[in-house]
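One line per chain: the protein sequences are A and B, in this order. When we follow the working numbering, the leftmost residue of the first sequence carries the number 1, and every step to the right adds one. When we follow the working numbering, the leftmost residue of the second sequence carries the number 1, and every step to the right adds one. Backbone N, C-alpha and C fix where the C-beta goes; we use that ideal spot for every residue, glycine too. In what follows, a single structure is set out as structure tokens and then discussed.
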Amino acid sequence: KETFEGHQVLRIVAKDEVQLSLIKDLEDMIEFEVDFWRGVTDVASPVDVRVPFHSLQSVKIYLETQDVEYSIMIEDLQVMLDEEQEAMESATRVAE
Amino acid sequence: PRNTDSFDYSNYHTINEIYSFQDMLVAENPNLVSKIVIGQSYEGRPLNVLKFSTGGTNRPAIWIDTGIHSREWVTQASGTWFAKKIVLDYGHDPTLTAILDKMDIFLQIVTNPDGFYYTHNSNRMWRKTRKPNPGSSCMGVDPNRNWDAGFGGSGASGNPCSETYRGPRANSESEVKSIVDFVNSHRNLKAFLSIHSYSQMLLYPYGYTTTPAKDQAELHSLAKKAITDLASLYGTSYRYGSIINTIYQASGSTVDWTYNQGIKYSYTFELRDTGRYGFILPANQIIPTAKETWLALMAIMDHTFKNPY
């Protein structure tokens with residue numbers, strides 16, 4: 001089973017079209033293995049990207065050096081997945 | 001659960017639980033609900049479609065599908081709730097009763113069963129189908145880029161490792177080809193509503209070209225009505241418009257193909273996350289999401305019913 005300890009989801013907000021294309025370039029940086037949850041659309045809409053633990057620092061440096069604003073939408077994805085799994089299991093126990 | 005009244009709609013369920021829910025709903029409502037298997041997934045799972053019909057033969061019909069991207073769990077969960085809602089409201093809600101007295105509704109809840117099973121057992125983040133790609137170690141095709149509408153254009157990837165990999169050719173995925181065959185054999189679908197999450201958007205064709213759809217004005221005003229009804233419940237705000245103008249270029253997408261088949265009322269929904277959960281939307285938001293979405297679905301179904309073509 002694939003787990004996601006330390007993966008974070010970053011909510012990135014582009015200031016302009018230039019920054020939007022910088023964010024889109026992340027998709028082509030295969031080594032970062034980022035997963036776009038919410039794709040690049042327009043400047044008004046945030047972009048949500050899941051970043052594996054191993055490339056977190058590189059991605060954040062890439063964004064910060066380009067002065068691209070981001071916030072951490074999900075601190076540790078695995079924690080949320082464990083909560084979701086626990087909710088399902090307890091619902092099943094209640095049903096039984 | 002022994003019946004669909006005691007089924008827990010406010011939690012996420014496995015594929016087996018959803019499939020047995022479908023069989024229970026059919027068994028409880030033999031005069032309204034039947035199950036059609038339109039094909040098999042790559043790994044051999046049945047592609048179940050619930051048919052809601054009060055009679056007639058090959059009546060004009062409305063298609064709703066959820067879960068084509070497997071990790072978008074709130075959509076399969078909402079689809080389960082929609083199925084029960086149709087049964088509960090027929091004979092009680094005058095608008096739905098009028099629709100079902102003259103039209104059929106087809107509802108495919110688990111449109112990508114292999115991917116959905118995989119999200120429960122191996123990788124919660126899985127989006128695509130699970131067919132191997134010859135010559136690559138990466139699996140799966142994006143089933144929302146595999147349709148024969150602008151297939152091969154930009155707005156999808158040719159890399160099997162990409163989340164938006166279009167596949168080796170249009171309809172290469174049995175999960176897609178089975179729906180294509182169903183649409184081509186039924187030939188009387190009047191609306192096609194494909195439900196994704198997340199980001200609160202209601203989208204209509206086209207995604208592969210900037211050329212406006214010939215019914216753009218009507219599709220746009222109907223979308224506005226639908227999202228206004230949706231927002232009336234909890235204030236969830238949606239954006240709406242054509243795929244290419246509202247989000248990005250997307251080639252080979254479902255509703256572009258269905259629209260090109262003449263199914264005028266072709267829409268893609270992107271349900272909530274209204275907060276910061278993304279695909280991991282807490283289960284306590286399933287029913288509110290389903291209820292608000294139902295208002296938009298009813299707006300589109302009612303318009304389809306009242307504007308025959």
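C-alpha distance - W100 of chain A paired with I38 of chain B, whole-angstrom precision: Nothing about residue 100 of chain A can be read from this structure; chain A reaches only from 1 to 96.
Inter-residue Cα distance where the pair is Y42 of chain B and K128 of chain B: 12 angstroms
Members of the segment 246-267 of chain B that neighbour chain A once the beta carbon cut-off is set at 8 angstroms: T246, I247, Y248
Short CB-CB distance (under 7 angstroms) between V132 of chain A and chain B: This structure leaves residue 132 of chain A out entirely; chain A is present only between 1 and 96.
Assumed close pair V110 of chain B, I195 of chain B - CB separation to whole angstroms, cut-off 8 angstroms: That belief does not hold up - the Cβ atoms of V110 of chain B and I195 of chain B are roughly 12 angstroms apart, past 8 angstroms.
Neighbour flag for I280 of chain B against chain C, beta carbons, 7 angstroms: In the structure shown, chain C does not exist; the protein chains are A and B.
Spatial neighbours of V49 of chain B in its chain, beta-carbon cut-off 8 angstroms, leaving aside the 5 residues before and after: K35, I36, V37, I38, F106, L107, Q108, F182
Separation of A170 of chain B from Y204 of chain B, as counted between CA atoms: 20 angstroms
For R239 of chain B, the three-state DSSP class (helix, strand or coil): strand
C-beta contact flag for M80 of chain A and I280 of chain B at 7 angstroms: yes
Opening and closing residue of the alpha helix (DSSP H) in which P288 of chain B lies: 286-306
8 angstroms contact criterion, which E5 of chain A and Q78 of chain A should meet: CB distance rounded: 4 angstroms
Sequence ranges, beta strand (DSSP E) only - wholly within the segment 137-200 of chain B, length at least 3: 189-197
Euclidean distance between Cα positions of T258 of chain B and I243 of chain B: 14 angstroms
Min CB distance S242 of chain B to chain A below 7 angstroms: no
Identity of the residue in B:L193, B:P134, B:Y248, B:Q249 nearest A223 of chain B by Cα: B:L193
Contact list for the segment 96-125 of chain B against chain A, Cβ threshold 8 angstroms: N121, S122, N123, R124, M125
Pick from B:N307, B:M298, B:P308 that is closest to I64 of chain B, judged by C-alpha positions: B:M298
Stretch pair the segment 170-180 of chain B + the segment 205-222 of chain B: three plus CB contacts closer than 8 angstroms: no
Inter-residue Cα distance where the pair is A296 of chain B and D76 of chain A: 34 angstroms
Residue interval of the alpha helix (DSSP H) (run including M80 of chain A): 77-95
Straight-line gap, F82 of chain B to N184 of chain B (C-alpha atoms, nearest Å): 25 angstroms
CB contact check: S350 of chain B to chain A, cutoff 7 angstroms: In this structure chain B extends from 1 to 309, so residue 350 of chain B is not present and cannot be described.
Spatial neighbours of Q40 of chain B in its chain, beta-carbon cut-off 8 angstroms, leaving aside the 5 residues before and after: P46, L47, S174, S178
Contacts that E163 of chain B makes with chain A (C-beta to C-beta distance below 8 angstroms): D35, F36
Local conformation of F280 of chain B per DSSP, three classes: Checking the sequence, you will find Ile at residue 280 of chain B rather than Phe. Reduced to three states, the DSSP call for I280 of chain B is coil.
Exposed unless 16 or more other CB atoms sit within 10 angstroms - verdict on L341 of chain B: The question about residue 341 of chain B has no answer here: the residues shown for chain B are numbered 1 through 309.
Proximity of T254 of chain B and W147 of chain B at Cβ, strictly below 7 angstroms: yes
Identified DSSP bridge partners for S71 of chain A: A:R11
Any C-beta of chain B under 7 angstroms from that of M29 of chain A: no
Interfacial residues, the segment 7-35 of chain B to chain A, with Cβ spacing under 7 angstroms: D8, N11, Y12
Buried or exposed by the 16-neighbour rule on C-beta atoms within 10 Å, applied to S251 of chain B: buried
Burial state of M201 of chain B (16 or more Cβ within 10 Å): buried
Member of A:R11, A:Q8, A:D35, A:V43 whose CA lies at the smallest distance from the CA of S21 of chain A: A:V43
Nearest-angstrom Cα separation, counted from V33 of chain B out to P143 of chain B: 27 angstroms
Same chain, Cβ closer than 6 angstroms to L63 of chain A, five either side skipped, listed in chain order: Y70
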